[in-house]
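For the sequence shown, the residue numbers in numbering that gives the first Met the number 0 are 0 to 857. Beneath this line is the structure, given in structure tokens, with notes to follow.
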Amino acid sequence: MRSTITGAAGAYRFTLLAGAACLAMPGVALAQDAEPEAGDPEASNVIIVTASKREQTLQETPISVSVTSGEVLEQAQIRDVLDLQTVVPSLRVSQLQSASATTFIIRGFGNGDNNFGIEPSVGVFIDGVFRSRSAAALSDLNMVSRIEVLNGPQSTLFGKNASAGVISVVTKEPQYEFGGLVEASYGNYNAVVLKGEVTGPIAENIAFSIDGSYNRRDGYARITNLNTDTSDRNRWAARGQLLIEPTPDFKVRIIGDYAKIDESCCLVSTLVAGPTAPAIFAVGGALSTDFFSYNTFLSQKPLNTVDNYGGSIQADWSTGALTFTSITAYRELKNFLDQDVDFTSADVVTETRDQQVNTFTQELRLTSDFDGPINFLLGGFYFDESISQDSRLTTGADTRTFFALLTGNPATFNGVEAALGLPQGAIFSPGLLTAEQYSMDNTAWSVFGTIDFEPIDGLVFTGGFNYTDDKKDFALAGQAFDELANINLVDAFITGATVANPALPDVFTRAQFQALPGAVQQQLLAAATNPATNPLLGLSPFQFQPPFLSIPNAVEPGQTRDDKFTYLLRAAYQVSNEINVYASYATGFKASSINLSRDSRPAFGDYIPGPGRSRFAAPASPITNAGLAVANLGTGSRFAGPENAEVYELGVKAQWQGFGFNLALFDQTIKGFQSFLFTGTGFQLNNAGQQSVKGFEFDSNVSPTPGLVFNFAATYLDPKFDSFTQSPVGNLTGARPGGIPEWNLRVAATHTHEFGSSGTKLVSRLDYSHESNVNINNGLPTFNTALGNTRIFEREVNLVNGSMTLQLENGLEVGVWARNLLEDQYIITVFDGVAQSGTVSGYPSQPRTYGGIVRFKF
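So this is what it looks like as structure tokens:
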């Protein structure tokens, strides 16, 4: 492998890099883990990253990667990955229904994390350990050395495939010199943040570190009718590390951590109060109508708790030019939420969800560092995960009256109950509406690696591969307790008509209906599906949660089996001491995802419903033939098939004294992109035929004078659904996917003023992030599609953040900070009102936050 610093040219290049090391990009900051060489005071300024699983300078790394240093995290008051997007333009992070429901999107690709059966397209790794669900990556960022965001598929470097990209968090190792910090911050909404870390030696070859954080804040939103707040912060985390180095060639790093979240999240406001709103008010309820008032109405305060803990052991052994690495990890994640999901103060429906995820991972890696022209990385990865979930929907005291008012007759359900022989008061009675039990076991293994060939100095050809074998076994069961949802309205009419007609045999089953003469079947079916003759059909909108077929069953095995070979081809060339260029082609893969929700339904073909979801008139199908069909069974998707990604990329990385830039042009496509969308009463998961994006990423730094750094970064995206005929909102082929802005811009200025030779510094930072105006989505299944409404909601983001910190020579730091300084307001996302046709709800952006901070480093 070519050395980082070689000969006279290398010395010149080192000077350039050392001068560039203080240029903190907005999201491309400089990081360093290696020890400085003895007698070389500037060595610690070399930019070192491990995006390629080897230590290289940022400019040498032939990957589109953004790096945010721990120093930038401190200055910008970035406490968790939610705020990371304000300094990384290619990354978007959205927190939605709860504190644990977070979606990571890179270059416009990402999947909703409101369903634990969906494997993320963007992989999150913390100290080399894969966090399989975003809820396991949301604790406050402590002792962070750097965060690397790798764009595009990364299967040849990370054993767990990530079809869209990787977020890699690298924390500080324990040190043999005693030191640490304590920090306290106070801000508006009574925000209190306490952080601390300490590190030092235990023995000559053993070092330790302990860190912890406590983060509490009142909610910035108010539940008016309950006189309490929501969208608060209440979390803490602790971690301990041991670094053991028995010999200079052998190192063991042991990490154990625990993080707790106990919060009320998240604020939902109403954008459009539909025709159901008067019924909400009629039962004594209310809903928010001023979207950015930060006032809401709920029947109960939302509750969300997350327990996230685990440990890892990393062992590195070097022998000559070879290094063996083993990372063994076990983690547990417990997520519980209990919230009002109709988002009004009427007591209509609440949801409880109790989830647990247990994950074991093992990675083995062998890397070389030969002087010759060939070097390699070879790795193996094993993943074993189990998921369990118990969920339920509960109807409240106002449910029956609310829905009865929507029919136009408060006594409607009484008449229906009498006609169908149901107990009076049975329909929408208070209590359980549904109960569901889900489980999934996922085992996967992969072999991956890269080979670098450097025929002449500065020219490197790279080939990489990954073979993954993925197995998922899942089980879903549920109970629908509402009597109306358990009755098919077409079949009920047919039964009533035959019982009332002495000339016809009574029909109570599909076999009895199929035994009738064909002409009689057609006559009965025509009357049963005609609203003019079957008044029961008007009740179909109130069958919100019909029974669903449990799986596995005789037709559906409850299994997915995927395997895939992916690869990378790349050429990189150092044009001069200042300029590096590269060109690459890579493929990526993500295994099938499972719809662990009450909206999980058999695939069309396994079951074919009759008109109006009739079982009597259902054509022959495997599920019907096996006698498995339940009332009102429809079709949809139990799971979405794999995603297959490919990306063409050209890149230039250049650095001169006081100026540098990185540019990447890409054409990225994902075939079978796993689309996940809330439909108003459930979630639909299916594959888009193909989604692509063309664009570029650019970042630059300029230091016109010592102590002053300007940074500019931009991402341009031109996405398209190349094929998506079966979306929940119709055929989207040729359309631009919603929610992906054309431009993402990040600008920052950092000024460091030194007070003579005293060692005292004043560090001031101002940054601005912008997302151009974009349609939030391609329409809503009910508001736009079913109701024929053409209104599409838009979002534009303009955030200004700032900080100023006085750093004294003795380690004491005092500062002030503000996020969203100009109080920009925008819609994060929107969704169909739950069981409220024509209503549109959404999540408003956070208001301005600010505060002061005191930090002492020792």
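By construction, the Cβ of each residue, glycine as well, lies at the ideal position given by its N, Cα and C atoms.
Thinking just about the alpha-carbon of each residue, which of the options is nearest to the one in residue i?
i: residue 559; options: 476, 698, 439, 304; result: 439
i: residue 696; options: 717, 806, 703, 704; result: 717
i: residue 729; options: 768, 715, 779, 773; result: 779
i: residue 98; options: 84, 204, 307; result: 307
i: residue 198; options: 185, 181, 191, 186; result: 181
i: residue 405; options: 540, 611, 221; result: 540
i: residue 63; options: 77, 381, 129, 149; result: 149
i: residue 642; options: 153, 88, 120; result: 120
i: residue 563; options: 782, 586, 389, 455; result: 586
i: residue 397; options: 89, 382, 347, 371; result: 347
i: residue 620; options: 600, 606, 817, 292; result: 606
i: residue 415; options: 357, 372, 433, 483; result: 483
i: residue 683; options: 798, 492, 751, 637; result: 637
i: residue 268; options: 590, 221, 538, 248; result: 221
Given that a residue counts as buried once 16 or more other Cβ atoms are within 10 Å of its Cβ, and exposed if not, what is residue i?
i: residue 212; result: buried
i: residue 86; result: buried
i: residue 34; result: Low local confidence applies: a pLDDT of 36 at residue 34 is under 50, so the model's placement there is unreliable, with the coordinate-based value given in what follows. With fewer than 16 Cβ atoms within 10 Å of its Cβ, residue 34 is classed as exposed.
i: residue 19; result: Reliability of the predicted coordinates at residue 19 is poor, the pLDDT of 35 falling under 50, and no value is obtained from them.
i: residue 185; result: exposed
i: residue 623; result: buried
i: residue 29; result: With a pLDDT of 32 at residue 29, under the threshold of 50, the modelled position of that residue is not reliable, and the figure given next carries that caveat. Buried: at least 16 other Cβ atoms inside 10 Å.
i: residue 514; result: exposed
i: residue 455; result: exposed
i: residue 84; result: buried
i: residue 422; result: exposed
i: residue 843; result: buried
i: residue 498; result: exposed
Hey, would you say residue i sits closer than 9 Å to residue j, going by beta carbons?
i: residue 179; j: residue 195; result: yes
i: residue 445; j: residue 472; result: no
i: residue 603; j: residue 634; result: yes
i: residue 133; j: residue 170; result: no
i: residue 238; j: residue 141; result: yes
i: residue 631; j: residue 556; result: no
i: residue 567; j: residue 462; result: yes
i: residue 553; j: residue 627; result: yes
i: residue 785; j: residue 742; result: no
i: residue 427; j: residue 449; result: no
i: residue 342; j: residue 286; result: yes
i: residue 231; j: residue 218; result: yes
i: residue 939; j: residue 96; result: The structure shown does not extend to residue 939, since the chain is modelled only from 0 to 857, so the question has no answer here.
i: residue 668; j: residue 644; result: yes
i: residue 378; j: residue 158; result: yes
i: residue 725; j: residue 110; result: no
i: residue 511; j: residue 436; result: no
i: residue 205; j: residue 254; result: no
i: residue 518; j: residue 492; result: no
i: residue 303; j: residue 263; result: yes
i: residue 401; j: residue 272; result: no
i: residue 234; j: residue 138; result: yes
i: residue 315; j: residue 374; result: no
Would you say residue i faces chain B, with C-beta separation under 9 Å as the test?
i: residue 685; result: Of the protein chains in the structure, only one exists, and it is not chain B.
Rounded C-beta distance between residue i and residue j? I'm assuming under 8 Å.
i: residue 689; j: residue 670; result: 5 Å
i: residue 840; j: residue 270; result: 7 Å
i: residue 812; j: residue 854; result: 4 Å
i: residue 311; j: residue 79; result: Not a contact, Cβ separation roughly 20 Å.
i: residue 488; j: residue 535; result: 4 Å
i: residue 165; j: residue 122; result: 5 Å
i: residue 750; j: residue 707; result: 5 Å
i: residue 298; j: residue 313; result: Contact doesn't hold; Cβ gap of about 48 Å is too wide.
Could you check where the alpha helix (DSSP H) with residue i kicks off and where it finishes?
i: residue 847; result: No alpha helix (DSSP H) holds residue 847; DSSP gives it neither H nor E.
i: residue 627; result: Per DSSP, residue 627 belongs to no alpha helix (DSSP H) and is neither H nor E.
i: residue 226; result: From DSSP, residue 226 is part of no alpha helix (DSSP H); its letter is neither H nor E.
Between which two residues does the beta strand (DSSP E) harbouring residue i extend?
i: residue 384; result: 373–394
i: residue 697; result: 689–704
i: residue 843; result: 839–843
i: residue 492; result: From DSSP, residue 492 is part of no beta strand (DSSP E) but of the alpha helix (DSSP H) over 488–499.
i: residue 775; result: Note, residue 775: premise wrong, no beta strand (DSSP E); not H, not E.
i: residue 125; result: 121–125
i: residue 364; result: 348–367
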